[in-house]
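S.K.:
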Amino acid sequence: MTMLLQQLINGLFIGSVYGLFAVGYTLVFGVLDILNLAHAAIFTLGGLVALWLVECAGLAIWPAFALSVLFCGLLGLLLNRVAFVPLRRRADTYFSGLISSIAMAIILESAALGIFGARTVRFPANTMAIHIWHFGDVIITSLQIYIVLVVGFLMVGLTQFLKRARVGKAIRAVAENERAARLLGINVDGIIAFTFFISSALGGAAGILFGLYFDAMSPDMGRSIELKGLAVIVLGGMGSIPGAILGGLAFGLSEVLTVALTGSSNLRDAVAFTVLFAILLLRPSGLLGRARIREA
Amino acid sequence: MRKAKGWQGISLPAFIILALMLASLIPAAAFGGEVKIGFVLSMTGGSAAYGEAQKNGAQLAVDEINANVGVDAVKIQPIYDDDASTPQQGINVFNKFINADKVAIIIGPTLSSTAKATDPIAQQAGVPVLAISNTAKGITEIGDFIFRVSLPEAVVVPNTVRAVRERFGIKKVAVLYGNDDAFTKAGFDAFKKALGENDIEIVSEQTFAKGDRDFSPQLTQVRGLNPDAIVVSALVDEASGIVSQARRLGIPAKVRIIGGNGFNSPALIKNAGEAAEGVIVGASWNVTSTNPLNQQFVFAFTKKYGTAPDQFAAQAYAGVKIAYEAVRSAGSTLDRRAVRDALAGIRDMDTVLGKFSFTAGRDAESSPVVQEVTAGRFTAWGE
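Quick note, the sequences are listed as chains A and B, same order.
First residue of the first sequence: 37, per my numbering; consecutive thereafter.
First residue of the second sequence: 9, per my numbering; consecutive thereafter.
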């Protein structure tokens with residue numbers, strides 16, 4: 037029983053990182069109806085840049101976290117400018133945007149490979165003092181608490197921002213109808229750029245948490261989460277922010293439980309994607325398919 | 009007539025001198041110059057930590073040999089290439105070495121799973137291969153051109169298990185292994201056999217795949233069973249993750265982690281940090297060995313690269329010396345068959361690994377040690 041509880045907790049933490057990653061995907065999709073496949077590369081760079089700041093610039097983890105997130109946000113602006121803006125007026129903008137985002141993913145990944153090398157790297161052992169709490173036989177570490185707090189804080193912040201702030205409302209307006217928003221005097225291009233900023237910043241944050249939690253970062257670490265992120269937003273409902281979080285948790289739990297029950301990681305992805313398939317058969321629009329970003 | 013006679017008169021001594029000069033030149037002409045040795049190492053990908061150590065060890069040996077040869081002896085021309093830790097790329101590099109570079113001997117590849125795919129190519133082409141880090145079963149069985157310097161897991165693991173049982177009296181263990189890799193799978197088989205022979209019960213067998221980062225589900229299951237020790241057969245990336253996550257999940261330090269050959273890298277200690285303390289691993293070489301050749305090697309390596317060598321560097325260093333010895337006694341830089349035969353004849357050669365011989369099955373014959381991580385370095389258990 038305690039073993040099951042511990043496994044559920046394990047799944048919860050990895051699931052919340054998946055959710056945070058997927059929210060970045062879903063945000064851009066909700067606004068532009070474009071899949072940004074460079075998101076996984078930004079995730080990777082987020083982790084590696086934070087590591088660089090800790091190791092080479094000698095910063096503590098939290099300032100490094102903030103700077104790296106900011107860097108990823110700026111990278112998102114660049115991504116939008118280079119890969120999406122020039123294609124926006126084209127009739128096939130959805131498809132060509134998808135392709136150019138793949139190109140950006142390859143460029144960013146190669147840059148990471150060139151700058152940081154191919155080796156698996158880790159945050160130094162003393163980056164963060166890790167306390168271990170025992171609740172009976174169940175163990176929770178301070179790192180896991182930080183992860184949930186950071187993810188929770190970012191998610192509540194994002195939802196409130198979209199609901200109440202002027203810019204947040206503008207993002208929803210653009211998501212609802214770009215032309216109408218433009219006619220009402222909203223700076224649509226600025227809003228889209230800002231959406232990319234937030235999305236990429238969240239992706240970078242997910243990368244840092246992932247790196248801290250698993251202690252293993254490499255230039256290709258984005259690939260392991262790329263497909264999962266897509267599955268998570270399909271599972272949760274395309275464009276839905278609570279759906280992405282819920283989907284992330286469901287995905288994390290199904291992975292952990294599969295490994296725990298079979299004693300092997302071979303079926304992990306198979307089961308996760310079968311669950312996705314089954315849910316899509318029952319609810320074609322995903323778990324929270326209706327609650328789109330425009331209604332956030 | 010007179011002219012012809014005079015020509016003959018001069019020519020006889022001249023011919024003799026010329027013939028003598030030629031006779032002394034011929035072997036030198038055939039055996040001078042350079043011997044091409046191809047190194048297939050994992051410089052990128054999951055096993056880059058091993059490949060880098062191997063390249064450093066090999067290059068040190070090459071530098072020493074090339075600096076000390078006289079004018080009439082062969083130098084080594086090393087050709088390094090990266091197999092990217094994958095069998096596919098390993099096959100490409102092997103074909104290039106065999107057909108384009110025409111090397112006399114191939115040293116590598118780093119991983120057993122790559123070797124299983126690449127070595128049959130060399131066997132078929134009749135190019136000798138000297139494995140310096142493959143420890144899985146069935147490598148030298150590929151054919152009579154395949155040799156190895158590294159001790160197979162089947163020799164190291166039983167020794168480790170016996171020593172650990174004697175010291176800690178363990179009765180039940182949990183086993184974790186990668187089931188998608190020839191080396192980690194072979195390590196698991198060796199552990200399973202050795203545990204059975206020592207009457208140690210396996211309470212749980214958990215598996216993972218290459219590239220996995222999250223081992224908490226498996227380790228949580230293991231923790232629930234309260235084993236006396238955890239046996240892990242993994243490459244260093246996964247090994248580091250398992251060791252640090254085990255301690256973070258609250259598995260106490262008295263539950264020792266016993267690793268296979270994949271643990272034999274300082275990268276494990278660097279990556280897992282404090283959690284690596286007390287990890288036990290069998291090896292064919294230890295940095296603290298008092299063998300004078302070894303002390304000299306450790307000194308030269310540390311001076312050149314700024315870090316102490318690991319087992320992979322030592323094996324690569326020994327491998328180059330052994331390959332060169334074979335080329336020298338074969339007396340040819342081109343005849344691959346003669347190099348093979350000379351390699352098979354190596355007996356009691358002094359190396360950093362100790363007195364080295366090949367067995368009839370072309371495997372290494374040297375004795376294994378048991379190491380424990382204490383204060384951030386591998387130290388050998390005394391007998």
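For every residue, glycine included, the Cβ atom is placed at its ideal position computed from N, Cα and C.
Note that the structure is a prediction, hence the values are computed from the model and not measured.
His170 of chain A touches chain B at which residues, Cβ-Cβ below 8 Å?
M.R.: Translated into the one-based positions of the first sequence, residue 170 of chain A becomes position 134. By Cβ distance, chain B contributes Gly258.
S.K.: Considering only residues of the stretch 266-307 of chain B, which uninterrupted alpha helix (DSSP H) runs meet the minimum length of 4 residues and lie entirely inside it, listed in chain order?
M.R.: Runs found: 274-280.
S.K.: If Pro255 of chain A sits next to Leu324 of chain A, beta carbons under 8 Å apart, how far is it from one beta carbon to the other, in whole angstroms?
M.R.: As a working mapping, residue 255 of chain A is identified with position 219 in the first sequence. As a working mapping, residue 324 of chain A is identified with position 288 in the first sequence. Between Leu324 of chain A and Pro255 of chain A the Cβ distance is about 34 Å, and since that is not below 8 Å, they are no contact.
S.K.: Please list the residues of the stretch 216-230 of chain B that have a C-beta atom closer than 8 Å to any C-beta atom in chain A, keeping them in chain order.
M.R.: For the stretch 216-230 of chain B, which is checked against every Cβ of chain A, the residues closer than 8 Å are Phe216, Ala217, Gly219, Asp220, Arg221, Asp222, Ser224, Pro225, Gln226, Thr228 and Gln229.
S.K.: Just to make sure I have the definition right: I need the residues of chain B whose C-beta is within less than 8 Å of the C-beta of Asn302 of chain A. Which are they?
M.R.: In the first sequence, the residue the question calls residue 302 of chain A occupies position 266. The answer, in chain order, is Asn187, Asp188, Thr215 and Ala217.
S.K.: So, at 7 Å on beta carbons, what are the nonlocal neighbours of Thr231 of chain A in its own chain, with the 5 sequence-adjacent residues on each side left out?
M.R.: Within the first sequence, numbered from 1, the residue matching residue 231 of chain A stands at position 195. Closer than 7 Å at the Cβ level, and outside the excluded window around Thr231 of chain A, lie Leu63, Val64, Val67 and Ile207.
S.K.: Sorted by chain position, which residues of the same chain lie with C-beta nearer than 8 Å to Ala165 of chain A's C-beta, five sequence neighbours on each side aside?
M.R.: The residue you call residue 165 of chain A lines up with position 129 of the first sequence. Once the five neighbours on either side are set aside, the close Cβ partners of Ala165 of chain A are Ser178.
S.K.: Between which two residues does the beta strand (DSSP E) carrying Asp349 of chain B extend?
M.R.: Translated into the one-based positions of the second sequence, residue 349 of chain B becomes position 341. Here Asp349 of chain B belongs to no beta strand (DSSP E); instead the alpha helix (DSSP H) covers Arg344 to Ala352.
S.K.: Does any residue of chain B bring its CB to less than 8 Å from the CB of Ser260 of chain A?
M.R.: Residue 260 of chain A sits at position 224 when you count from the first residue of the first sequence. Ser260 of chain A counts as touching chain B.
S.K.: So with CB distances below 7 Å, who are the chain B contacts of Thr177 of chain A?
M.R.: Counting from one through the first sequence, the residue named residue 177 of chain A turns up at place 141. Here the neighbours are Arg256.
S.K.: Compile a chain-ordered list of the residues in the stretch 51-71 of chain B whose CB is closer than 9 Å to at least one CB of chain A.
M.R.: Under the 9 Å Cβ criterion, the stretch 51-71 of chain B contributes Met51, Thr52, Gly53, Gly54, Ala56, Ala57 and Glu60.
S.K.: Could you give the first and the last residue of the continuous beta strand (DSSP E) run that contains Ala247 of chain B?
M.R.: Residue mapping note: residue 247 of chain B aligns to position 239 of the second sequence, counting from 1. Here Ala247 of chain B belongs to no beta strand (DSSP E); instead the alpha helix (DSSP H) covers Val244 to Arg256.
S.K.: Under a three-way DSSP split, which group does Val360 of chain B fall into?
M.R.: On the second sequence, residue 360 of chain B is found 352 positions in, with the first residue counted as 1. Val360 of chain B: coil per DSSP, three-state reduction.
S.K.: Using a Cβ-Cβ distance under 8 Å, would Glu282 of chain B count as near chain A?
M.R.: Along the second sequence, one-based indexing puts residue 282 of chain B at 274. Taking Cβ atoms only, chain A reaches closer than 8 Å to Glu282 of chain B, which makes this a yes.
S.K.: With 16 other CB atoms within 10 Å as the buried threshold, where does Gly267 of chain B fall?
M.R.: Here residue 267 of chain B is taken as the residue at index 259 of the second sequence, counted from 1. Its Cβ being crowded by 16 or more others within 10 Å, Gly267 of chain B is buried.
S.K.: Taking just the CA atoms, how far does Ala308 of chain A sit from Leu48 of chain A?
M.R.: Taking the first sequence and counting its residues from 1, the one referred to as residue 48 of chain A is at position 12. Taking the first sequence and counting its residues from 1, the one referred to as residue 308 of chain A is at position 272. For Leu48 of chain A and Ala308 of chain A, the distance between alpha carbons rounds to 15 Å.
S.K.: Starting from His75 of chain A, trace the alpha helix (DSSP H) both ways and give me its first and last residue.
M.R.: Here the question's residue 75 of chain A lines up with position 39 in the first sequence. Its alpha helix (DSSP H) spans residues His75 to Glu91.
S.K.: Give me the chain A residues within the contact set of Gly232 of chain B, using Cβ-Cβ distance strictly less than 7 Å, ordered along the chain.
M.R.: Here residue 232 of chain B corresponds to residue number 224 of the second sequence, with the count starting at 1. Correct list: Met39.
S.K.: Cα separation between Pro376 of chain B and Lys363 of chain B?
M.R.: Indexing the second sequence from 1 puts residue 376 of chain B at position 368. Indexing the second sequence from 1 puts residue 363 of chain B at position 355. Roughly 12 Å between the two C-alpha positions.
S.K.: Is the CB-CB distance between Ala291 of chain B and Val135 of chain B below 8 Å?
M.R.: The count along the second sequence starts at 1 and reaches residue 291 of chain B at position 283. The count along the second sequence starts at 1 and reaches residue 135 of chain B at position 127. No, the Cβ-Cβ distance between Ala291 of chain B and Val135 of chain B is not below 8 Å.
S.K.: For a contact meaning CB atoms closer than 9 Å, what does Phe152 of chain A contact in chain B?
M.R.: Within the first sequence, the letter at position 116 stands for residue 152 of chain A. Those within 9 Å of Phe152 of chain A in chain B number zero; the least Cβ separation is about 12 Å.
S.K.: Do you know how far the Cα of Lys329 of chain B is from the Cα of Ala69 of chain B?
M.R.: Position 61 of the second sequence holds residue 69 of chain B. Position 321 of the second sequence holds residue 329 of chain B. The alpha-carbon atoms of Ala69 of chain B and Lys329 of chain B are separated by roughly 7 Å.
S.K.: Spatial neighbours of Ala247 of chain B within its chain, please: CB distance less than 7 Å, with the 5 preceding and 5 following residues excluded, ordered by chain position.
M.R.: Within the second sequence, residue 247 of chain B is the residue found at index 239, counting from 1. Cβ neighbours of Ala247 of chain B beyond the five flanking positions: Val240, Gly267, Gly270, Phe271 and Leu276.
S.K.: For Leu149 of chain A, I'd like the list of residues in its chain whose CB is within less than 7 Å of its CB, leaving aside the five on either flank, ordered along the chain.
M.R.: For the purposes of this step, residue 149 of chain A is taken as residue 113 along the first sequence, with counting starting at 1. Around Leu149 of chain A: Pro255.
S.K.: Closer than 8 Å, Cβ to Cβ, to anything on chain A: give me those residues from the stretch 368-379 of chain B, in chain order.
M.R.: Flagged: no residues at all.
S.K.: State yes or no: is the C-beta of Ala242 of chain A within less than 8 Å of the C-beta of Val53 of chain A?
M.R.: Here residue 242 of chain A corresponds to residue number 206 of the first sequence, with the count starting at 1. Here residue 53 of chain A corresponds to residue number 17 of the first sequence, with the count starting at 1. Yes, they are a contact pair.
S.K.: If you compare alpha carbons, which of B:Ile150, B:Ala242, B:Tyr58 and B:Phe386 is closest to Leu184 of chain B?
M.R.: Taking the second sequence and counting its residues from 1, the one referred to as residue 184 of chain B is at position 176. The candidate whose alpha carbon is nearest that of Leu184 of chain B is B:Ala242.
S.K.: Any beta carbon of chain A sitting closer than 8 Å to that of Gly339 of chain B?
M.R.: Counted from its first residue, the second sequence places residue 339 of chain B at position 331. Judged by the 8 Å Cβ criterion, Gly339 of chain B is not in contact with chain A.
S.K.: Would you call the stretch 245-261 of chain B in contact with the stretch 210-227 of chain B, where contact means no fewer than 3 C-beta pairs closer than 8 Å?
M.R.: With the cut-off at 8 Å, the stretch 245-261 of chain B and the stretch 210-227 of chain B touch.
S.K.: Based on the DSSP output, what are the partners of Thr387 of chain B in its beta bridges?
M.R.: As a first step, residue 387 of chain B must be located in the second sequence, where it is residue number 379. For Thr387 of chain B, which the question treats as bridged, DSSP gives the partners B:Glu380.
S.K.: What residue range is occupied by the uninterrupted alpha helix (DSSP H) comprising Lys329 of chain B?
M.R.: For the purposes of this step, residue 329 of chain B is taken as the residue at position 321 of the second sequence. It spans Gln319 to Ala338 - the alpha helix (DSSP H) in which Lys329 of chain B sits, taken as one unbroken run.
S.K.: Beta carbon of Leu238 of chain A, beta carbon of Val59 of chain A: below 8 Å?
M.R.: Position 202 of the first sequence, counted from the first residue, corresponds to residue 238 of chain A. Position 23 of the first sequence, counted from the first residue, corresponds to residue 59 of chain A. The answer is yes: Cβ separation under 8 Å.
S.K.: Mind the definition here: the stretch 79-95 of chain B touches the stretch 53-66 of chain B only if three or more C-beta pairs lie below 8 Å; say whether that holds.
M.R.: Taking 8 Å as the limit for Cβ pairs, the verdict is that the stretch 53-66 of chain B does touch the stretch 79-95 of chain B.
S.K.: Evaluate Phe307 of chain B with the Cβ neighbour count: other Cβ atoms within 10 Å of its Cβ, from every protein chain shown; 16 or more gives buried, anything less gives exposed.
M.R.: Start at 1 with the first residue of the second sequence, and residue 307 of chain B comes out as number 299. Exposed, by the Cβ-count rule.
S.K.: Flag this pair as yes or no: are the beta carbons of Ala147 of chain A and Ala74 of chain A separated by less than 8 Å?
M.R.: On the first sequence, residue 147 of chain A is found 111 positions in, with the first residue counted as 1. On the first sequence, residue 74 of chain A is found 38 positions in, with the first residue counted as 1. Their beta carbons are not under 8 Å apart, which means Ala147 of chain A does not touch Ala74 of chain A by this criterion.
S.K.: Short of 7 Å Cβ to Cβ, which residues in the stretch 82-98 of chain B face chain A?
M.R.: Going along the stretch 82-98 of chain B in chain order, one finds no residue with a Cβ nearer than 7 Å to chain A.
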